[in-house]
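Residue numbers (my numbering), protein chains in the order written: chain A, 8 to 519; chain B, 5 to 504.
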């Protein structure tokens with residue numbers, strides 16, 4: 008009898024140590040923040056979420072990893088639902104159905120694997136399982152066009168829940184991909200292109216957003232696209248290694264690049280989301296065009312936000328630069344991916360110039376009580392005033408994340424598993440500044456378009472996209488016949504019994 | 005102790021008569037008597053199961069009339085599994101019924117007697133080694149079930165009872181038809197002798213008999229498209245009885261199907277194609293059951309459709325076992341089906357009986373009427389919703405619960421990817437409807453609930469909690485359970501030759 012739950016956990020090696028440290032420290036800080044400022048009821052759920060993330064990173068076998076996935080899914084379901092209204096309920100439902108779909112694809116892959124090899128101790132995944140796994144990972148990492156669950160759910164939660172969600176769910180998808188790339192080299196080269204496309208498409212959508220956390224949510228999709236691209240490049244490299252092409256980078260390097268980007272991104276994205284939460288608390292809403300220039304009232308917040316924005320844009324001497332530099336190195340042999348990531352960099356820089364400008368330097372052309380619509384913190388009243396302890400705790404985590412971003416930027420090689428490279432050389436810095444220069448030029452050109460206020464009343468659509476629309480139509484179409492059948496009286500039932508009996512006899516008589 | 009096989013049947017049936025008399029003469033003693041009968045029956049069941057597990061199969065011939073003439077009872081390890089299931093079921097069901105009704109009892113309700121008789125009939129189905137005797141016990145179980153469904157004097161119960169009566173009559177007629185054909189061809193109704201003589205039977209006749217048996221028991225455990233009586237009946241019967249029917253009675257009909265196909269009918273040797281048909285029926289059952297549950301807005305009916313779907317999972321294991329012949333894969337498939345039977349019994353018991361509290365508080369089983377029930381003041385209500393959700397996660401098959409293990413084992417014995425994907429789709433759909441119910445019960449309440457009527461006693465709460473903990477914990481003791489179930493599966497395969 009083979010155990011179904013081997014339950015092997017262990018401290019991972021290499022750059023995954025850094026992932027674990029980020030999960031434990033940052034996740035823990037955010038859970039504590041929930042306890043101090045959020046509702047007590049959600050604090051326990053947040054702790055389960057934290058635990059799920061740690062289980063997933065420390066999982067020594069694929070079944071334990073699945074348990075980590077499920078812990079994350081169901082705690083996130085409760086966190087997203089919170090005590091919100093109809094909109095949050097819909098998002099929570101969509102979230103759980105999406106992630107359970109990913110989990111059952113993973114489950115099917117495991118079944119295929121065990122049926123093929125007879126064991127859960129995986130050396131190489133059988134080909135059929137690799138495609139199922141790749142599909143599961145694509146859902147989990149919110150690659151376009153499977154990203155809707157993320158951009159809908161994240162901005163509608165309470166402001167302090169969003170950073171917690173952003174730390175774990177998609178990142179665990181990337182960690183899974185990194186695990187799998189070693190055992191499933193076949194299913195993944197497509198990930199490089201899909202990830203890079205995602206990075207670009209999501210940035211284009213991010214540029215169109217008018218609300219702080221919606222913009223950041225689209226950037227999560229985009230940045231996770233970078234990581235997915237990195238992992239996919241590792242698969243390309245693995246295949247190239249099999250074909251013994253000399254120019255290709257080693258697969259381990261690409262995985263490291265992807266995971267290092269995960270580490271840096273998790274930190275600066277949590278930083279930016281916390282900044283957004285502070286802004287929301289201060290201003291009472293998150294419509295970017297109606298901010299009132301917070302630069303004088305929150306100077307420390309401004310500095311932290313600028314650090315986060317520079318980092319996500321890949322400015323030299325920030326953590327984002329270091330990880331993107333590594334990614335650029337491994338994508339050199341794959342020009343299409345390289346170009347796409349470059350375009351995404353330009354868009355990211357542009358988007359965050361807008362973010363900083365509108366929040367801290369914007370004129371706030373309409374007063375905040377113009378009462379246009381319920382555009383406040385979407386779906387709920389703002390956090391309002393908090394005690395000194397609560398505000399201090401949020402600022403403490405923000406400062407901590409800022410410090411981590413700066414330190415990782417100056418000393419990237421100090422992060423476990425990350426190789427020393429010419430991060431701070433002149434060519435690297437110029438290479439990073441070139442797309443940012445493009446961003447600045449674009450900003451000057453299209454500033455008017457980007458800072459246009461949100462058209463009132465259309466800031467989000469209720470219908471959940473074509474898939475949900477189709478599902479709803481199918482359900483509606485099914486309802487009538489289903490109700491007719493289920494209320495069938497005994498005559499129809501007896502008729503059906505006899506009919507099926509006849510068919511069964513016929514089939515069996517003619518079967519062999 | 006050699007009379008154990010017959011005591012397993014005699015005690016509950018005698019207990020049923022005692023209970024019906026007590027009900028009329030001294031209603032105050034009814035609860036105590038029901039408990040005594042249940043505990044006595046369970047003790048005998050466990051003793052018989054233990055004896056079969058430790059010392060091998062035992063055959064009991066009442067009055068020393070040896071089979072061609074007389075009737076034999078037989079208990080092997082495979083039977084022992086179901087005897088233990090019935091022991092758990094009878095005790096917990098009576099405990100829950102006694103514990104969940106607060107206040108004075110109404111006299112004249114034959115529920116306790118019918119429950120005892122039903123468990124007696126089910127035990128009879130499990131231990132008998134005679135086809136006509138099997139038919140008699142199936143009919144006895146039908147009569148008890150109709151009584152239990154129709155006992156609440158409401159129009160909906162009468163209709164449901166009537167529908168079940170008609171459908172079960174067709175099922176009984178098909179079973180009798182099959183038994184008569186067998187007797188006509190082989191000259192005996194003893195399962196062991198039939199198994200020896202069935203090889204000489206014409207193939208067409210054998211096929212008709214197999215189809216009749218499959219349809220007959222398919223009706224009883226709710227295989228699609230014979231499942232339409234089930235939601236109506238469970239809804240009319242109420243949660244407590246629905247728990248008995250779904251968690252335990254349904255499993256015994258599946259047992260009978262296993263026993264008949266492998267034993268007297270010798271289907272794996274003579275008609276392996278039948279398992280291909282059962283495989284397809286199982287897949288349809290899973291998909292239709294889950295889909296109908298998704299479209300349902302009544303909690304009991306939803307759980308009834310979920311039972312239909314899970315009957316499909318068990319059938320999927322059965323079909324895989326039959327297709328595999330008699331090797332280790334067949335053994336693994338039967339063990340997987342047994343694992344799912346055990347898990348589904350615990351899960352469905354936990355779901356229906358924890359749902360009882362919400363239904364009693366809202367005085368309705370419509371899900372929209374349960375809005376906000378989890379936010380109720382009594383701590384028992386929060387506990388019960390928690391137990392419901394644990395069982396829901398388990399039945400959807402989320403690791404690390406026991407429900408995941410059984411789903412995993414059933415998926416592992418499948419030969420192609422299609423059934424695995426069907427199981428996967430079923431998981432997503434069932435998660436959809438349980439998540440929707442979770443959202444409803446944790447929303448802000450719009451109305452007041454009647455906590456006094458619905459609170460129940462600590463006994464009922466304890467029964468539900470025991471079930472929920474067992475469901476959640478079974479995943480961590482799955483290795484010894486798998487070894488145990490594999491041994492039971494071997495007993496079924498070994499008895500296939502027709503040992504007397």
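We put the CB at the ideal spot given by N, CA and C, even for glycine.
For residue 317 (chain A), which residues from the same chain have a beta carbon less than 7 Å from its beta carbon, with the 5 sequence-adjacent residues on both sides left out? 325
What span of residues does the beta strand (DSSP E) with residue 64 (chain B) cover, start to end? 62-64
For the stretch 365-396 of chain B, list every residue whose C-beta sits within 7 Å of some C-beta in chain A, in sequence order. none
Just checking, does the stretch 116-134 of chain B make contact with the stretch 248-264 of chain B on the three C-beta pairs under 8 Å criterion? yes
Do residue 244 (chain B) and residue 374 (chain B) have their C-beta atoms within less than 9 Å of each other? no
Checking contacts by CB at 9 Å: is residue 100 (chain A) closer than that to chain B? yes
Scan the stretch 36-74 of chain A and note each continuous alpha helix (DSSP H) run of 4 residues or more that stays entirely inside, going in chain order. 47-65
Measuring alpha carbon to alpha carbon, tell me which of A:368, A:38 and A:354 ends up nearest residue 303 (chain A). A:368
Enclosing alpha helix (DSSP H) for residue 258 (chain B) [first to last residue]: 254-266
To which residues of the same chain is residue 468 (chain A) closer than 8 Å at the C-beta, ignoring the five residues directly before and after it? Caution applies to residue 468 (chain A), whose pLDDT of 49 falls short of 50 and renders its modelled position unreliable; the value that the coordinates give is listed next. For residue 468 (chain A), where only same-chain residues beyond five positions count, there are no Cβ hits under 8 Å.
What separation, rounded to the nearest whole angstrom, lies between the Cα atoms of residue 463 (chain B) and residue 104 (chain B)? 8 Å
Quick check on the DSSP output: the alpha helix (DSSP H) that includes residue 146 (chain A) runs from which residue to which? 134-147
C-alpha distance - residue 20 (chain B) paired with residue 153 (chain B), whole-angstrom precision: 17 Å
Nearest-angstrom Cα separation, counted from residue 161 (chain A) out to residue 389 (chain A): For residue 389 (chain A), the predicted model reports a pLDDT of 44, less than 50, meaning its position is unreliable; a value from the coordinates is still stated below. Going by the C-alpha atoms only, they are around 16 Å apart.
Reduced DSSP category for residue 13 (chain A) - H, G, I as helix; E, B as strand; rest coil: coil
Inter-residue Cα distance where the pair is residue 338 (chain A) and residue 17 (chain A): 31 Å
Of the choices B:235, B:343 and B:402, whose alpha-carbon is the least far from that of residue 487 (chain B)? B:343
Give the residues of chain A in contact with residue 234 (chain B), contact being defined as C-beta atoms less than 7 Å apart. Neighbours of residue 234 (chain B) on chain A: none; closest Cβ ~10 Å, over 7 Å.
For the stretch 471-505 of chain A, which residues have a CB atom closer than 9 Å to at least one CB atom of chain B, in sequence order? 482, 485, 486, 489, 490, 492, 493, 494, 495, 496, 497, 498, 499, 500, 501, 503, 504 and 505
Taking the C-alpha atoms as reference points, what is the distance between residue 228 (chain B) and residue 84 (chain A)? 33 Å
Start-to-end residues for the alpha helix (DSSP H) that takes in residue 79 (chain B): Element bounds for residue 79 (chain B): not the alpha helix (DSSP H) but the beta strand (DSSP E), 77-79.
Residues of chain B with CB closer than 9 Å to the CB of residue 135 (chain A), please, in chain order. 421
For a cutoff of 9 Å on Cβ pairs, would you count residue 208 (chain B) as touching chain A? yes
Closest by C-alpha distance to residue 226 (chain B), when choosing among B:151, B:171, B:412 and B:163: B:171
Give the DSSP bridge partners of residue 294 (chain A), in chain order. A:218
Quick one: give me the first and last residue of the alpha helix (DSSP H) that residue 410 (chain B) is part of. 406-416
Any beta carbon from chain A within less than 9 Å of residue 189 (chain B)'s own beta carbon? no
Could you tell me whether the Cβ of residue 403 (chain B) comes closer than 9 Å to any Cβ of chain A? yes
Taking 9 Å as the threshold (C-beta atoms), are residue 44 (chain B) and residue 8 (chain B) in contact? no
Have a look at residue 359 (chain A) and residue 135 (chain A) and give me their C-alpha separation to the nearest angstrom. 42 Å
Compare the C-alpha of residue 423 (chain A) against each of A:187, A:175 and A:271 and name the closest. A:271
Would you say residue 507 (chain A) lies against chain B (beta-carbon separation less than 9 Å)? yes
CB contact check: residue 386 (chain A) to chain B, cutoff 9 Å: Its pLDDT being 39, under 50, residue 386 (chain A) is placed unreliably by the model, and the measurement read from it follows with that caveat. Output row for residue 386 (chain A): interface = no.
Taking Cβ-Cβ distances shorter than 9 Å, what residues in chain C pair up with residue 155 (chain A)? Going by chain labels, chain C is absent from the structure shown, which instead holds the protein chains A and B.
Would residue 80 (chain B) pass as a contact of residue 97 (chain B) if the rule is Cβ separation under 9 Å? no
With a threshold of 9 Å between beta carbons, is residue 518 (chain A) in contact with chain B? yes
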